[in-house]
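> Taken in sequence, the protein lines are chains A and B.
Counting along the first sequence from 1, when you hit position 51 you're at 51 in my numbering, and nothing is skipped either side.
Counting from 1 along the second sequence, just add 1000 to a position and that's the residue number in my numbering.
Protein chains: 2
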Amino acid sequence: MKGQDIKDAGLKVTLPRLQILEFFEKNPGKHFSADDLFTQIRKSNNEIGLATIYRVLNQFESAGLLVKHQFDNALAIYELDTGEHHDHMVDVDSGEVKEFYNQELEELQVKLVRSYGYELIDHNMVLYVKKIK
Amino acid sequence: MKGQDIKDAGLKVTLPRLQILEFFEKNPGKHFSADDLFTQIRKSNNEIGLATIYRVLNQFESAGLLVKHQFDNALAIYELDTGEHHDHMVDVDSGEVKEFYNQELEELQVKLVRSYGYELIDHNMVLYVKKIK
DNA sequence: GTGGGTGCAAATAATTTGCACGGTA
DNA sequence: TACCGTGCAAATTATTTGCACCCAC
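1. Taking C-beta pairs closer than 8 Å, name the residues in chain A that B:HIS1123 reaches, listed in chain order.
2. Within the continuous alpha helix (DSSP H) that includes A:GLU79, where are the two ends?
3. Mind checking if B:TYR1118 is an interface residue toward chain A, Cβ cutoff 8 Å exclusive?
4. Does the beta-carbon of B:ASP1087 have 16 or more other beta-carbons within 10 angstroms, so that it is buried, or is it exposed?
5. Determine, using beta carbons only, whether B:SER1053 and B:LEU1065 come nearer to each other than 8 Å.
6. If the cut is a Cβ gap below 8 Å, which residues of chain A does B:ILE1132 touch?
7. Which of the three DSSP states, helix, strand or coil, is assigned to A:PHE60?
8. Let me know the secondary structure DSSP gives B:VAL1113 once reduced to three states.
9. Which residue from A:VAL90, A:GLY117, A:HIS85, A:PHE24 puts its Cα closest to that of B:LYS1098?
10. With 8 Å set as the bound, which would you pick, yes or no: does the beta-carbon of A:ASP35 sit closer than that to a beta-carbon of chain B?
11. Buried or exposed for B:ALA1034, please, with buried defined as at least 16 other CB atoms from any protein chain shown within 10 angstroms of its CB.
12. Give the single residue among B:LYS1030, B:ASP1093, B:ARG1055, B:GLU1119 whose Cα lies nearest to the Cα of A:LEU121.
13. Return yes when the Cβ of A:HIS123 is within less than 8 Å of the Cβ of B:LEU1127, no when it is not.
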């Protein structure tokens, strides 16, 4: 039951929180901005406020339920945290965001950083791509 | 002579443009935000306006004189375009930005993307690191 | 001299915050 | 019932734009 995740995060189970979490679960592997959620949830004649969405997204991110991404200088987008690390490809024609994971790439980064005398804490990699016709 | 770059970009050679370009040339390999430049150039008792800096940075970026980066959701930063592609490491403790280039990493990305049926147009890679003590 | 360039202030855009009211535990 | 959560509007932050004056060519 989805309310449990919210409770586990130390948050009260309220309608806006349920609606936001449900929306992500109904659209697995997809990414949404605060405004996307605002528009979509309002469509289902619900009186949610944009400020609430921003607040809840931050809380869910802190709780580890969602992951936040900021590509370019576009709107921040969120996705369900599946626990599996991955990076993103953005199709420059369609704007579509695709996830990928490549072990070799991950290991190479760790090795590279270490050769400079650092340890890798985190990384942010976005590949901008175009379909080959 | 530095005014030439500005002229080549189809822009008039004005004091603010010279000051901004000179500032980057005096600090090679460093990255600055619009606000950094504003503060620094004003210190040398010059009456530059912040809006002018934003405008000039955009013009210089379009002209290929500068490269713009947007890490995290922090201020946009600019650096001189040396013509050589590189990526960035950010030291999470000091905030210092270091450039690096790794052929293997570059090639791996091209190969990876191609295996998904795409061609690589551009990429954005930032490694967040910590010094090993 | 003319059209582009500048500084200032006001406008935007994304996000955050203050506040009075409402709902969860 | 106590307090957290909500919606709305106002505040913030980074950046852009309108406008009257100024200067490079």
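Even for Gly, the Cβ is constructed at its ideal location relative to N, Cα and C.
The short version:
1. For the purposes of this step, residue 1123 of chain B is taken as residue 123 along the second sequence, with counting starting at 1. Ordered by position in chain A, the residues that pass the 8 Å Cβ test against B:HIS1123 are MET125, VAL126, LEU127, TYR128.
2. Reading the first sequence from its first residue, position 79 is the one you call residue 79 of chain A. Where A:GLU79 is concerned, there is no enclosing alpha helix (DSSP H), although the beta strand (DSSP E) it sits in stretches over 77–80.
3. If you number the second sequence from 1, residue 1118 of chain B lands on position 118. True, the Cβ-Cβ gap to chain A drops below 8 Å.
4. Stepping through the second sequence from its first residue, residue 1087 of chain B is reached at position 87. Its Cβ being crowded by 16 or more others within 10 Å, B:ASP1087 is buried.
5. As a working mapping, residue 1053 of chain B is identified with position 53 in the second sequence. As a working mapping, residue 1065 of chain B is identified with position 65 in the second sequence. The sequence shown places Ile at residue 1053 of chain B, not Ser. Their beta carbons are not under 8 Å apart, which means B:ILE1053 does not touch B:LEU1065 by this criterion.
6. Here residue 1132 of chain B corresponds to residue number 132 of the second sequence, with the count starting at 1. Those within 8 Å of B:ILE1132 in chain A are ARG114, GLY117, TYR118, GLU119.
7. Stepping through the first sequence from its first residue, residue 60 of chain A is reached at position 60. Helix at A:PHE60.
8. Reading the second sequence from its first residue, position 113 is the one you call residue 1113 of chain B. Helix, per DSSP.
9. Against the second sequence, residue 1098 of chain B aligns to sequence position 98. Comparing Cα-Cα distances from B:LYS1098 to each of A:VAL90, A:GLY117, A:HIS85, A:PHE24, the minimum goes to A:GLY117.
10. Here residue 35 of chain A refers to the residue found at position 35 when the first sequence is read from its first residue. With 8 Å as the cut-off, A:ASP35 does not count as an interface residue toward chain B.
11. The residue given as residue 1034 of chain B occupies position 34 in the second sequence. Buried is the call here.
12. For the purposes of this step, residue 121 of chain A is taken as residue 121 along the first sequence, with counting starting at 1. The identity of residue 121 of chain A in the sequence shown is Ile, whereas the question assumes Leu. The residue with the shortest Cα to Cα distance from A:ILE121 is B:ASP1093.
13. By one-based count along the second sequence, residue 1127 of chain B stands at place 127. By one-based count along the first sequence, residue 123 of chain A stands at place 123. Yes.
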